[in-house]
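Below is one structure; the comments refer to it alone.
2 protein chains.
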Amino acid sequence: MTKDICSKKMALVEKLGVHLESREKLAPVAARIMAYVILTGKRGSTFEEMVEVLCASKSTISTHLNHLQDLKKLEYFTKTGDRKKYFIINKDSVLHHINEMIKEWEEVAALHKEMKAYKEAINEHITDEEEKFDLTFHNDYLRFVEDASASIENLKENLIKNKFNL
Amino acid sequence: MTKDICSKKMALVEKLGVHLESREKLAPVAARIMAYVILTGKRGSTFEEMVEVLCASKSTISTHLNHLQDLKKLEYFTKTGDRKKYFIINKDSVLHHINEMIKEWEEVAALHKEMKAYKEAINEHITDEEEKFDLTFHNDYLRFVEDASASIENLKENLIKNKFNL
DNA sequence: CGTTTGGTTCGGTTTGTTCCGAACTAAACT
DNA sequence: AGTTTAGTTCGGAACAAACCGAACCAAACG
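Chains A and B, in that order, give the protein sequences.
Going by our numbering, the letters in the first sequence line up with residues 1 to 166, in that order.
Going by our numbering, the letters in the second sequence line up with residues 167 to 332, in that order.
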């Protein structure tokens, strides 16, 4: 039974790992570390434990753990009389992730605006209506980005609210 | 003046290129091809032209052009008595892109549901309330994904509407 | 003081990506 | 038939990413 839950966990680690690999642009093992730490929760995950369950070398785990801490994605707590570090996801990594998404959408919006401006400038030099750039897509997309941004801001507020409820 | 517009265009090609490189997971030159084709518009961009302005070899351009066509991101038209191919972005690449986003959100939602189910299963075996997984984030996130999906569906409908207006 | 524990650091191998040049092809022009 | 045009294909060079093992280190333990 414990074995069953464990294999289920490792299956999820792989699945979530693959997702994080592309979503957060992490190296395979780094993504699996994140996934494992997320699915272990507040109990915390140790260096040794990860070397074993993720079947990676100490050097690989060490390097990635340090890197993930630099990126503020992980942090750790300790126990008195125990030299081990217990890794957990950074408490405000969720908020950080959301802010990243907001920034990303803003960047996309800025790019669309720049492209639109460029195309409008070109259009002025074109007499034939048929040859002109079509701008409807940029307009629609910009409206969409506004909508999406509003949803994210909403999520962000929900999260902050829940944080204070705890 | 034409030179000015041209340098402005190439600056935008680089900027959009960098963006597409990560957003669409394309090789540098492939991303710049996409950017260039997008910023050239319906006039169409030729093989030779891209070899020159993107400063890449014929083989590189050829390989990437074929790859981008396989991915349905590009297509071309021809002119009678002219062997050149005039590349433009695939007419329904925008819709395709939107469908990709929808699919992506669905996948994220599925993953969150799976993680939530796993954590709930674990929680049942834990007596200490303090030790239990916190599920509020998954709930909030799932609600957010629903919102975001709705916005995208909205954009999609706008686009389809505009298509028929033309 | 020697050993164990919990890691870190470095050099190197493997693997993968991205691009290029040179040789090639197929159609059209002369 | 030969050349030009518009590309394709193949082998490999150059670089980068990801991981590993071995040697190392610092703190605690015995």
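Don't be surprised by glycine CBs; every beta carbon is placed ideally from N, CA and C.
Just so we're clear, the structure is a prediction, and the values are computed from it rather than from any experiment.
Subject >> Within chain B, the residues that residue 115 of chain A reaches when beta carbons sit closer than 8 Å >> reply: 178, 182, 204 and 205
Original post:
From residue 51 of chain A to residue 36 of chain A, what does the alpha carbon distance come to, in whole angstroms?
Top reply: 11 Å
**OP:** State the Cα-Cα distance for the pair residue 297 of chain B and residue 95 of chain A, rounded to the nearest angstrom.
**Re:** 22 Å
Original post:
Less than 8 Å separating the beta-carbons of residue 253 of chain B and residue 240 of chain B?
Top reply: yes
Original post:
Whose C-beta lies closer than 8 Å to the C-beta of residue 48 of chain A among residues of the same chain, with five residues either side of it excluded?
Top reply: 84
Subject >> Closer than 8 Å at the beta carbon, the chain A residues around residue 232 of chain B >> reply: By Cβ distance, chain A contributes nothing, its closest Cβ being about 24 Å from residue 232 of chain B, past 8 Å.
Original post:
Between the C-alpha atoms of residue 6 of chain A and residue 309 of chain B, what's the straight-line distance to the nearest angstrom?
Top reply: 29 Å
Original post:
In angstroms, rounded to a whole number, what distance separates the CA positions of residue 170 of chain A and residue 105 of chain A?
Top reply: This structure cannot settle anything about residue 170 of chain A, because the visible part of chain A is limited to 1 through 166.
Subject >> As assigned by DSSP and simplified to three states, the class of residue 82 of chain A >> reply: strand
**OP:** Kindly list, in the order they appear in chain B, the residues whose Cβ is closer than 9 Å to that of residue 89 of chain A.
**Re:** Chain B residues near residue 89 of chain A: none, gap ~10 Å exceeds 9 Å.
Subject >> Alpha-carbon to alpha-carbon, residue 136 of chain A and residue 323 of chain B >> reply: 13 Å
Original post:
Can you tell which of A:117, A:64, A:89 and A:45 has its C-alpha closest to the C-alpha of residue 175 of chain B?
Top reply: A:117
Original post:
Looking at residue 115 of chain A and residue 178 of chain B, is the spacing between their C-beta atoms short of 8 Å?
Top reply: yes
Original post:
Would a C-beta distance cut-off of 8 Å place residue 196 of chain B and residue 220 of chain B closer than the cut-off?
Top reply: no
Original post:
So which residues on chain B does residue 147 of chain A lean against when the C-beta distance must stay under 9 Å?
Top reply: 313, 314, 316, 317, 318, 320 and 321
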